[in-house]
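Per the numbering used here, the very first residue in the sequence shown carries number 1; after that it's consecutive. The beta carbon of each residue, even a glycine, is placed where N, CA and C say it ideally should be. All values derive from a computational prediction rather than experimental measurement.
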Amino acid sequence: MKNFTINAIFSALLGAIIWFLSPFITGEVEPWDAFPLFYLVSLSIVGFIAAIPKSASLTSIYVGVIVGQFLYMLVFLPVGPLILIGVFSLALYSLLTLIGP
1 MKNFTINAIF SALLGAIIWF LSPFITGEVE PWDAFPLFYL VSLSIVGFIA
51 AIPKSASLTS IYVGVIVGQF LYMLVFLPVG PLILIGVFSL ALYSLLTLIG
101 P
């Protein structure tokens, strides 16, 4: 359980970094509004980086990336009526993180 938590927190930080860097790299606040390959490639890279610890499970990586992105959205971006669609999109797009392991 301890490894799961540590790996999920590490993955959450990586997921939040995608959203933090998006305005600087693409000029768009939300990474999926930018050039489509930025978000897709960055999620794949996060999957590879999150899988570096040998104890990382697929579940901890996937859950961590979703939680990190979602928390970043809630804390730093205005929340609107489309938040449920955003969460659904996060869940679908974040499947790309499972390519890494």
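Pair within 8 angstroms by beta-carbon distance, Gly47 and Gly100: Within the sequence shown, numbered from 1, the residue matching residue 47 stands at position 47. Within the sequence shown, numbered from 1, the residue matching residue 100 stands at position 100. If you check the CB distance, Gly47 and Gly100 come in under 8 angstroms.
Pull up the distance between the alpha-carbon of Leu13 and that of Phe70, whole angstroms please. For this step, residue 13 is matched to residue 13 along the sequence shown. For this step, residue 70 is matched to residue 70 along the sequence shown. Their backbone Cα atoms lie some 11 angstroms apart in a straight line.
Given Phe38, which residues of its chain have a CB within under 8 angstroms of its CB, disregarding the five upstream and five downstream residues? Here the question's residue 38 lines up with position 38 in the sequence shown. So the qualifying residues of the chain are Ser22, Ile25, Thr26 and Pro31.
Quick one: Cα of Leu43 to Cα of Trp19, how far? Walking along the sequence shown from the start, residue 43 turns up at place 43. Walking along the sequence shown from the start, residue 19 turns up at place 19. Distance between the alpha carbons of Leu43 and Trp19: 11 angstroms.
Simplified DSSP assignment, three categories, for Val29: Counted from its first residue, the sequence shown places residue 29 at position 29. Under the three-state reduction of DSSP, Val29 is assigned to coil, being neither helix nor strand.
Taking Cβ to Cβ, would you say Ala50 is nearer than 8 angstroms to Phe10? Position 50 of the sequence shown holds residue 50. Position 10 of the sequence shown holds residue 10. Remark: C-beta atoms of Ala50 and Phe10 approach each other more closely than 8 angstroms.
If you measure from the CB of Pro23, is any heavy atom of the ligand MG nearer than 7 angstroms? Judged by which ligands are present, the structure shown has none, so any question about the ligand MG falls away.
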